[in-house]
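Colleague: Next up is a structure, given as structure tokens.
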């Protein structure tokens, strides 16, 4: 279910943040997109054993309307992670 209802942020909240996370532990590789109003925001990208999380920040009205760009980034990060794991496995087995 997608919500396209605009949210009025508090005056102290100067940033709109989009947080995109993937769950490698689930069989579906579930992806969650969360949008927030924040007083401060730092763009991040974290890779962990059970999933990836990226946060993007912006300061304009409707600037985080679409999470599609973040989904592409997370998908690319996931692909690179799988490729790197495969290469490590080949090196480790001596193939």
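In my numbering, the protein residues as written are 650 to 744. The C-beta atom is built at its ideal place from N, Cα and C for all residues, glycine as well.
With H, G and I counted as helix, E and B as strand and the rest as coil, what does DSSP make of residue 691?
Modeller: What you label residue 691 is simply residue 42 of the chain shown in a count that begins at 1. DSSP places residue 691 in coil when its eight states are reduced to three.
Colleague: Among 733, 656, 728, 740, whose alpha-carbon lies nearest the alpha-carbon of residue 686?
Modeller: Walking along the chain shown from the start, residue 686 turns up at place 37. Measuring from the Cα of residue 686, the nearest candidate turns out to be 656.
Colleague: How do the segment 698-709 and the segment 661-668 stand: do at least 3 beta-carbon pairs fall below 8 Å, yes or no?
Modeller: Verdict: yes, contact present.
Colleague: With a cut-off of 8 Å on the beta carbons, I'd call residue 699 and residue 672 a contact; round off their distance for me.
Modeller: Along the chain shown, one-based indexing puts residue 699 at 50. Along the chain shown, one-based indexing puts residue 672 at 23. The Cβ separation is near 7 Å, so the contact holds.
Colleague: Whole angstroms are fine: how far does the CA of residue 740 sit from the CA of residue 711?
Modeller: If you number the chain shown from 1, residue 711 lands on position 62. If you number the chain shown from 1, residue 740 lands on position 91. Residue 711 and residue 740: Cα-Cα distance of roughly 46 Å.
Colleague: Compute the distance between the beta-carbons of residue 663 and residue 708, then report whether it is under 8 Å.
Modeller: On the chain shown, residue 663 is found 14 positions in, with the first residue counted as 1. On the chain shown, residue 708 is found 59 positions in, with the first residue counted as 1. Result yes, Cβ atoms of residue 663 and residue 708 sit closer than 8 Å.
Colleague: Here's a check: name, in chain order, each residue in its chain whose Cβ is nearer than 8 Å to the Cβ of residue 735, leaving out the five neighbours to either side.
Modeller: Along the chain shown, one-based indexing puts residue 735 at 86. If we look at residue 735 and ignore the five residues flanking it on each side, it has no Cβ neighbours.
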